[in-house]
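Working notes, beginning with the structure itself.
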């Protein structure tokens with residue numbers, strides 16, 4: 003959310019930013035909020051004048067009564083009453099105006115960084131770098147659920163009967179592998195100096211509206227019926243919410259946190275053949291990175307964060323690339339974002355496995371996360387990044403480590419977490435000796 007003072011002083015910058023994000027339907031909101039802002043300031047000025055007048059003339063009542071000027075005193079009382087009624091009317095109007103201003107300010111997108119490429123959607127994202135050599139083996143790679151089924155590691159039919167589409171049972175070595183990549187990610191981030199956290203998996207509505215746009219909220223969040231609680235779509239939500247309405251001593255920054263959580267998402271509009279299986283699902287787990295820092299440090303941390311994800315995948319010998327998200331692909335709160343994509347030998351292309359975002363002070367402004375600096379208080383900057391999110395990450399892992407006989411190689415980094423296993427073997431057929 004932008005500062006209303008910034009919008010007031012830079013309306014053309016705000017409008018151009020909206021155009022750069024290809025959201026022209028929001029342009030009238032800038033003029034509307036400026037009109038409301040002026041009205042709000044006029045109301046405050048009138049209320050202040052009325053209160054000053056009321057205080058002044060109230061003092062006259064006692065003097066007039068002491069002088070025996072009862073009728074004049076009664077007239078002054080009527081003026082005081084009229085002032086009080088007008089103040090009450092204005093105060094009610096002020097609340098309505100401020101509520102509408104906040105509503106609009108939550109919709110107007112954050113100012114994107116000048117380095118962000120201008121483009122309408124994710125088809126215009128810009129590749130930054132590639133790491134590792136993409137390989138396509140000389141044998142056919144099955145769809146990921148077929149690989150898992152051959153290893154007796156997944157049952158989506160049973161999950162469908164129990165919970166519906168978008169859920170799964172992972173079993174045996176695949177379930178163990180799922181937990182392994184998370185445990186390895188946890189230790190990987192701890193070794194990089196991050197503090198490990200397990201957050202609440204539900205958050206209140208004021209936190210939801212503090213960490214995301216209304217459009218994201220509608221597309222993602224599951225509401226707990228009858229309660230002011232939502233299931234988190236990522237641990238970023240509750241981790242940033244941890245700092246709601248706080249004043250942080252500047253010397254304590256930066257906070258660098260890595261958090262584990264299950265994630266729950268509606269995934270509205272999910273479609274397409276490559277989104278079946280466990281690619282796009284309603285429930286998954288993730289190891290996340292969160293940074294709360296001073297504004298001048300946020301871009302440095304932004305680059306460190308996405309490189310952590312790249313390094314994680316490189317230790318597992320999975321080729322990845324990074325894509326700079328263009329203006330039209332940025333969520334409204336984001337200043338800058340990069341996607342990390344892993345190589346799919348089956349599809350012969352890359353697909354998204356993580357996303358890193360710098361949100362500037364947008365979340366901090368909504369949640370009132372302030373820093374007590376040497377000279378004054380100011381808003382913190384917040385960032386988040388995916389380290390790893392299985393089971394989607396398992397797709398890239400299985401395809402890049404699959405052997406022709408259907409077994410799966412275990413990279414050296416994961417072997418201690420898999421009891422020393424170097425390979426996940428294909429189970430013998432039922433009844434075989």
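Numbering (our numbering), first residue to last: 3 to 435.
Beta carbons are placed, not taken as given, at the ideal position from N, Cα and C, and that holds for glycine.
As the structure is a prediction and not an experimental result, all values here were calculated from the model.
Classification of residue i by the beta-carbon crowding that lies within 10 angstroms, buried from 16 upward
i	result
residue 3	buried
residue 198	exposed
residue 458	Outside the shown range of the chain (3 to 435) lies residue 458, about which nothing can therefore be said.
residue 422	exposed
residue 78	buried
residue 57	exposed
residue 39	buried
residue 372	buried
residue 201	buried
residue 196	buried
residue 316	exposed
C-beta atoms of residue i and residue j nearer than 9 Å
i	j	result
residue 280	residue 246	no
residue 391	residue 355	yes
residue 204	residue 214	no
residue 211	residue 368	yes
residue 397	residue 410	no
residue 123	residue 330	yes
residue 168	residue 284	yes
residue 235	residue 216	no
residue 162	residue 320	no
residue 263	residue 225	no
residue 179	residue 404	no
residue 406	residue 141	yes
residue 194	residue 231	no
DSSP state of residue i mapped onto helix, strand, coil
i	result
residue 38	helix
residue 349	coil
residue 255	coil
residue 128	strand
residue 284	coil
residue 354	strand
residue 206	coil
residue 236	coil
residue 191	helix
Contacting residues, own chain, Cβ-Cβ under 8 Å from residue i (five flanking each side not counted)
i	result
residue 173	154, 155, 156, 157
residue 376	252
Any non-hydrogen atom of the ligand ZN closer than 8 Å to residue i Cβ
i	result
residue 175	The ligand ZN is absent from the structure shown, which contains no ligands of any kind.
Contact set for residue i: own chain, Cβ-Cβ below 7 Å, skip 5 residues either direction
i	result
residue 2	In this structure the chain extends from 3 to 435, so residue 2 is not present and cannot be described.
Proximal residues to residue i (C-beta, below 6 Å), its chain only, five neighbours per side dropped
i	result
residue 256	293, 295
residue 150	156, 176
residue 1	Nothing can be reported for residue 1: it is not among the residues displayed for the chain, which extend from 3 to 435.
residue 352	323, 343, 345
field: Stretch pair the segment 340-357 + the segment 371-384: three plus CB contacts closer than 8 Å
entry: no
field: Three-pair Cβ contact test at 8 Å for the segment 315-325 versus the segment 293-302
entry: no
- prompt: Does the segment 175-194 come within contact of the segment 68-83, defined as at least 3 CB pairs closer than 8 Å?
  reply: no
- request: Pair every Cβ in the segment 9-24 with every Cβ in the segment 111-131, then say whether three or more of these pairs are closer than 8 Å.
  value: yes
- prompt: Just checking, does the segment 356-365 make contact with the segment 305-314 on the three C-beta pairs under 8 Å criterion?
  reply: yes
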